[in-house]
Amino acid sequence: MLKFTHVLTIFYFLLPQIVLCQVVQFKIADKTSGQPIVNVHIEHRGKHAISNRNGLVLMKIMDKQKVHVSHISYRDTSFLLAPPFPNHIILELESQINTLPEVRVDTKPIRIFAPAKTHVFDFEFWNDSLLVMTYEREKLFRKGNEQCKSMYIGCKLLLISPIGSIIDSLPLPDLIHGFYKDPLGQVFILGVNKIALIDFKLGRLLLSELDPEEFDVYIKPLCGASATHYFFSDYEWDYPEFNYFALSKNSDKKNLVRTIRDDFTMELFRAEYKYLSNHDKLKAIRLEYKTGIDKEIFGAYMSGFPNHLYYQKLYAPLFNFGDSVFIFDQHSSQIFLHTASGANLDSIEIQYLQNHTLKFKDEIINDSKTRAFYGVFEKSGIKALRKIDPFSGESHEVINLYYSYPEKIKVLNDKVFYIYRKTGGSNTKHLFVEQI
Numbered sequence: 001m002l003k004f005t006h007v008l009t010i011f012y013f014l015l016p017q018i019v020l021c022q023v024v025q026f027k028i029a030d031k032t033s034g035q036p037i038v039n040v041h042i043e044h045r046g047k048h049a050i051s052n053r054n055g056l057v058l059m060k061i062m063d064k065q066k067v068h069v070s071h072i073s074y075r076d077t078s079f080l081l082a083p084p085f086p087n088h089i090i091l092e093l094e095s096q097i098n099t100l101p102e103v104r105v106d107t108k109p110i111r112i113f114a115p116a117k118t119h120v121f122d123f124e125f126w127n128d129s130l131l132v133m134t135y136e137r138e139k140l141f142r143k144g145n146e147q148c149k150s151m152y153i154g155c156k157l158l159l160i161s162p163i164g165s166i167i168d169s170l171p172l173p174d175l176i177h178g179f180y181k182d183p184l185g186q187v188f189i190l191g192v193n194k195i196a197l198i199d200f201k202l203g204r205l206l207l208s209e210l211d212p213e214e215f216d217v218y219i220k221p222l223c224g225a226s227a228t229h230y231f232f233s234d235y236e237w238d239y240p241e242f243n244y245f246a247l248s249k250n251s252d253k254k255n256l257v258r259t260i261r262d263d264f265t266m267e268l269f270r271a272e273y274k275y276l277s278n279h280d281k282l283k284a285i286r287l288e289y290k291t292g293i294d295k296e297i298f299g300a301y302m303s304g305f306p307n308h309l310y311y312q313k314l315y316a317p318l319f320n321f322g323d324s325v326f327i328f329d330q331h332s333s334q335i336f337l338h339t340a341s342g343a344n345l346d347s348i349e350i351q352y353l354q355n356h357t358l359k360f361k362d363e364i365i366n367d368s369k370t371r372a373f374y375g376v377f378e379k380s381g382i383k384a385l386r387k388i389d390p391f392s393g394e395s396h397e398v399i400n401l402y403y404s405y406p407e408k409i410k411v412l413n414d415k416v417f418y419i420y421r422k423t424g425g426s427n428t429k430h431l432f433v434e435q436i
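Read in the numbering used here, the sequence shown has 116 at position 116, and its numbers run on one by one without any break.
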C-alpha cells in the first residue's frame, strides 16, 4: 500500500509536465489575401521551425512562454500561449514593405559563420537559410582512384539563418566530398560510400539515403527544367563532346537540343592513336570491330590523354531563364537561346572573353533572385566577377572581390558568398558575404 502511495505521489507531480507538453499545428496565412505563407520562422524556447508551402508548421509547446513569429516580408509578431493548448492555431500576418534610402556602404566582407575549431568547406542556399558543411581535417593520404576528389573527416551538417545563428546540426559519419544541388532545388550530400538527400521537418534536419547508381543515372544528368520539359546531358569529363536533350514531362519523347564540341581538343584527342605502339594499335582495332566505336577514341583513352595537362574539359552550362533556356557555349563563342521545349530561338556571339588581362575560370554563376549572370575571372590570385548580358554577350561591369583566393563563390540577391581562410587567429576557413 505504501509503494502504491509513492507511485501516486510521483504521478501527481509529473502530471502538470505531461499536460503542459503538446504538439501544436500552426497555419500561417496572409491577412489580406488569405494565401498560405512559406518559410515563416517560429521560435519557442530556443527551438526553431519553418512553415512549408501550405503555411503549416508543427511545434512542441512546453509551457507558458512566448512564441515569436517572423518573416522578411511580414511584420514580426509575438504572443503568449497558456495551457490548455489548442491543437490548431491560425495566424494571419500583415505584409510590410521595407523601403530603405539608398546609401553608400563599405564593401568589406562580413563573416557570417565562423566555427571555432572546424573549417567550412561547402555551403548551399536553402530557401531563406543556408546549409553549411564543416570538417575537422582533410584526408591527405588517398588511394590512386581517390586522388581526383577531396575527402573530409569529422564532418557536420548545419542549417543556419542568414545572420549565422544555428537552427539545427547533424554529425556525418562518412567521408564527405561536399554538396550537390540539382536544378529542382534539391540538395544532396556526396559521401565516399553513400549519397543522401537533405530534408527539414519539425525543426530537424533529416537525411534520406539514395542508391549511388540511381543518383548517377537519374539525378546527375539533369541540367534544368521548364514548365513542359526536363533538360539533361550525356556529359563525361574525359570526352571533348556531349549533347543536351529535352525530355517531355508528359511522355517519354526526347529530342536533341544541342551538341557541344571542342574541335581543337577533339583533333588532339583522336591524334593520340598515331603515337601508340603497334601492339596497342592492333588492340584498338580489335575493340573497334567488337564495339563499333572508332579506334581513335580507344587510342586516346589507352594513352591516358584525358589526364594530360593540355587536355581541356568542356564547359558549356545550361540555365533556365523564365520560359527560356540559355546555353553558354564557350567553345563556339556563342550564347544560344532555346524555348521551353528546347527549340532554337537565337544565338549571340560571346564578347566577355575578349578581355585578355583577366583569365576566365570556366565558371558562370546565376543569381536566382535577380536572374543576373556573372563570369568568374582571375588575375594574380584576385577573383573578379563580370556581369554578363546574355542578350548581347557583352560585359561592362567588373567586380573585384575583397579577399584573394576565395573558394566556392555563389551569388544571391546581389550578394557574393564565399569561403575564405583569413590569415592570423585560428587560421580556419569561414563563410563570408559581401555586397556587389
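Quick reminder that beta carbons are idealized off the backbone N, C-alpha and C, glycines included. Fair warning: this is a prediction, and the values are worked out from it, not measured in the lab.
Buried or exposed (CB count within 10 angstroms, at least 16 for buried), residue i
i    : result
V416 : buried
K249 : exposed
R104 : At R104 the pLDDT is 46, less than 50, meaning the model places this residue with poor confidence; the figure from the coordinates comes in the next sentence. Per the 10 Å Cβ criterion, exposed.
I293 : exposed
L202 : exposed
T423 : exposed
A454 : Past the edges of the chain, shown from 1 to 436, lies residue 454, and the structure says nothing about it.
N413 : exposed
G322 : exposed
A82  : exposed
H119 : buried
F26  : buried
D234 : exposed
K295 : buried
E272 : buried
R75  : exposed
E124 : buried
The beta strand (DSSP E) enclosing residue i, as first and last residue numbers
i    : result
I191 : Per the sequence shown, residue 191 should be read as Gly rather than Ile. That run of the beta strand (DSSP E) goes 187 to 191.
A49  : 47 to 50
R53  : Here R53 belongs to no beta strand (DSSP E), and DSSP marks it neither H nor E.
H430 : 429 to 435
A225 : 222 to 225
L207 : 204 to 210
A196 : 195 to 201
K387 : 382 to 388
E241 : 241 to 248
V376 : 373 to 379
F232 : 229 to 233
Q334 : 334 to 338
L318 : 318 to 321
K361 : 359 to 366
L91  : 88 to 93
V411 : 407 to 412
Y418 : 415 to 421
L345 : 344 to 349
E236 : Note, E236: premise wrong, no beta strand (DSSP E); not H, not E.
H41  : 41 to 44
Sheet register partners of residue i (DSSP bridge)
i    : result
T77  : V69
H119 : Y135
C155 : L172
M59  : V24
V398 : R386
G178 : L190
F328 : I335
N127 : According to DSSP, N127 bridges with nothing at all.
I110 : V433
Limits of the alpha helix (DSSP H) - the one that residue i falls within
i    : result
E288 : 278 to 291
D263 : 263 to 271
Y301 : 295 to 302
Beta-carbon spacing of residue i, residue j below 8 angstroms
i    : j    : result
F179 : I189 : yes
L175 : L205 : no
T77  : L58  : no
F231 : V325 : yes
I50  : H41  : yes
L309 : D262 : no
I365 : K410 : yes
F85  : V38  : no
A284 : M302 : yes
I160 : V132 : yes
P162 : T134 : no
Y152 : F113 : no
F328 : F269 : no
P183 : C155 : no
Whole-angstrom C-beta distance between residue j and residue i, which should lie under 8 angstroms
i    : j    : result
K443 : P406 : Since the first residue of the chain shown is 1 and the last is 436, residue 443 is not available in this structure.
E394 : Q351 : 4 angstroms
G342 : H430 : Not really, about 42 angstroms apart at Cβ, beyond 8 angstroms.
A340 : S226 : 4 angstroms
V69  : W126 : No, V69 and W126 are not in contact; Cβ-Cβ is about 20 angstroms, not under 8 angstroms.
Contact with chain B by residue i, beta-carbon distance below 8 angstroms
i    : result
L309 : Annotation note: the requested chain B is absent from the structure, which comprises a single protein chain.
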